[in-house]
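Taking my numbering, I'd label the letters of the sequence shown as residues 1174 to 1648. From the three backbone atoms N, C-alpha and C, an ideal C-beta is built for every residue, glycine too. The block underneath contains the structure these notes are about, expressed in structure tokens.
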Amino acid sequence: MYDPKSLKAEEFIDNEEILETLAYAEKNKDNAELIDEILEKAEKRKGLSHRDAAVLLDCTLEDRNQRIYELAKQIKKDFYGNRIVMFAPLYLSNYCINSCVYCPYHRQNQHIPRKKLTQEEIKAEVIALQDMGHKRLALETGEDPVNNPIEYVLESIKTIYGIKHKNGAIRRVNVNIAATTVENYRKLKEAGIGTYILFQETYHKESYEKLHPAGPKHNYAYHTEAMDRAMEGGIDDVGLGVLFGLELYRYEFAGLLMHAEHLEAVHGVGPHTISVPRVKKADDIDPTAFDNGISDEIFAKLIACIRIAVPYTGMIISTRESEAVRARALSLGISQISGGSRTSVGGYAGYTPDERPHDTEQFDVSDQRSLDEVVNWLMKLGYIPSFCTACYREGRTGDRFMSLCKNGQIQNCCHPNALMTLKEYLMDYASADTAAVGNKLIESEIPNVPNEKTRGILIDNLNKIEQGSGRDFRF
Ligand code: SAM
């Protein structure tokens, strides 16, 4: 029985409800009258139910599809402006006792080297990341209570926050580790994590069990209910995602939105972010072995429909995707991207920008550009790369962050913060060309801060950063 308020996975992600939703969407995919009604609702920018959104995803009317894309672009602009938050993944360990059939770290893989970073090695990785200019990381580990116990993750977080190298500092550590207990989530919260990210992989229970044939991750309910435990443990910001390609994308889309509705219904706050990974080639993994791969066109439509359905949720795209795919995704709704990423354990320190260790890699990286190249590219596309971590540091998490969005104060808060953190990046890490492009961009963006007083403080702070007499400012 479908119940978004239930704490049972099979009730808030009810299979029957998803199947009925898909049938409803299929039946109405060219129902112009209904689609127009849904688009009118969507134009109010308050989001859509999974049923309404599923109809838009299936819509076959070309002119309505153009309206969907236009609306997604508009919502993206209204809620996120032209800021794009930057981050990088940091792989701590690829020891894993699960058997996820799409992941090279699965325990049956005997030939992949297993590696776990020591605290000294983490320090070296973090210094390399700071030297690129990163301020925000996503920690990644396999699931292995012996090799990667929670104490190891906590110690690593402490190490990371403690490293101050030159002007560098990691100011927000997001964590992508396997589903765990309320007690462990509480410990992660106390360690000062930003977002807890856990991809559902697939919402389809039967497929989920086949794709995770053994190990703790086999337990669908435990995995699906993880965000409720995380919130019970005090973590306000959680990040959802599915691994597109494993199951039918329409099914995953409905499941994802139902999960968001569930979090809103139970905890009063929806997901902080949604990620949209697609299965990639990796050691021992052939993505064509999965039947449900999606085209770039469908991928773009999914992103646009998620943007419309949950306007307050940030959206993340990784370097799994190429430059071209990322460019389109950015315009349709993505608000956070990684840059200069390495998906191997110990992939940053000791390598030149052109050297890329493949031995412990989790998947092939399509966008292999350096952070400087990505930042430069973003600015030439008219975006402001932002290294801002202010909300988290000011305690504006969960519904407090959402109210900032809902009160329309983003432009007086996020916008100047983005410009100040970009200025620091340009001063400390950028190539000459990137610095020139960036300084021009900052000049042209100052007038876009609506509040006069805030604008004055911003100009003052930018001057201080330029003169070296102050930094790390935030609104
Ligand atoms: N081990 C943790 C867990 O079980 O949730 C999460 C960390 S894992 C390093 C991060 C994510 O990478 C997984 O949740 C999965 O969606 C994704 N992933 C695994 N194999 C992949 C592949 N071949 N291509 C693309 N993404 C993959």
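- Leaving aside the five residues that flank E1190 on each side, the residues in its chain whose CB is nearer than 6 Å to its CB run, in chain order, Y1175.
- G1414 is bridged by DSSP to S1448.
- A residue is called buried once 16 or more other Cβ atoms fall within 10 Å of its Cβ, and D1231 is buried on that count.
- A Cβ-Cβ separation of about 5 Å places G1466 in contact with G1418 under the 8 Å criterion.
- Checking the 7 Å criterion, the Cβ of T1354 is out of range of every heavy atom belonging to ligand 1.
- Secondary structure at F1426: helix, using DSSP grouped into helix, strand and coil.
- Just so you know, the alpha carbons of I1615 and N1580 end up roughly 25 Å apart.
- V1548: not part of any beta strand (DSSP E); member of the alpha helix (DSSP H) spanning 1544-1553, first to last residue.
- Along the region 1354-1426, the alpha helix (DSSP H) occurs as fully enclosed runs of 4 or more residues at 1355-1363, 1378-1384, 1393-1397, 1399-1405, listed in sequence order.
- Pairing S1468 with G1513 gives a Cβ-Cβ distance that is not under 8 Å.
- Shown in chain order are the residues whose CB sits closer than 6 Å to a heavy atom of ligand 1: Y1275, C1276, E1313, G1315, E1316, N1349, I1350, A1351, L1371, F1372, E1374, K1390, L1416, P1450, V1452, K1453, A1455, I1458, R1493, Q1535, F1536.
- Within the DSSP bridge table, the entry for E1313 names Y1264, N1349 as partners.
- Distances from the alpha-carbon of L1327 to those of N1357, H1307, N1340, Q1303 put N1357 closest.
- Our two residues, Y1393 and F1372, have alpha carbons roughly 12 Å apart in a direct line.
- Measuring C-alpha to C-alpha distances from S1272 to each of L1421, V1411, I1632, A1387 identifies A1387 as the nearest.
- According to DSSP, residue pairing for P1558 in a beta bridge involves I1257.
- DSSP links S1576 through a beta bridge to no other residue.
- Here DSSP, grouped into helix, strand and coil, assigns K1613 to helix.
- Each of E1293, H1307, Y1376, V1299 was checked against the Cα of V1258, and the nearest Cα belongs to H1307.
- Per DSSP, the beta-bridge partners of S1511 are F1260.
- In the three-state scheme derived from DSSP, where H, G and I count as helix and E and B as strand, G1629 is classed as helix.
- Within the region 1434-1506, the runs of beta strand (DSSP E) that reach at least 3 residues and sit entirely inside it are, in chain order, 1446-1448, 1487-1490.
- A check of alpha carbon separations from R1344 across R1573, I1330, L1361, P1322 identifies I1330 as the nearest.
- One thing to note: V1449 has its Cβ within 8 Å of the Cβ of I1476.
- Contact between T1525 and F1560 is ruled out by a C-beta separation of about 23 Å, above the 8 Å threshold.
- V1319 sits in coil when the DSSP states are folded into three classes, being neither helix nor strand.
- The beta-bridge partner set that DSSP reports for K1308 is empty.
- Inclusion of R1309 and C1587 in the CB contact set at 8 Å is not warranted, their separation being larger than that value.
- By DSSP's assignment, V1518 forms a beta bridge with Y1264.
- Nearest in C-alpha terms to K1596, of all of G1611, N1320, D1606, is G1611.
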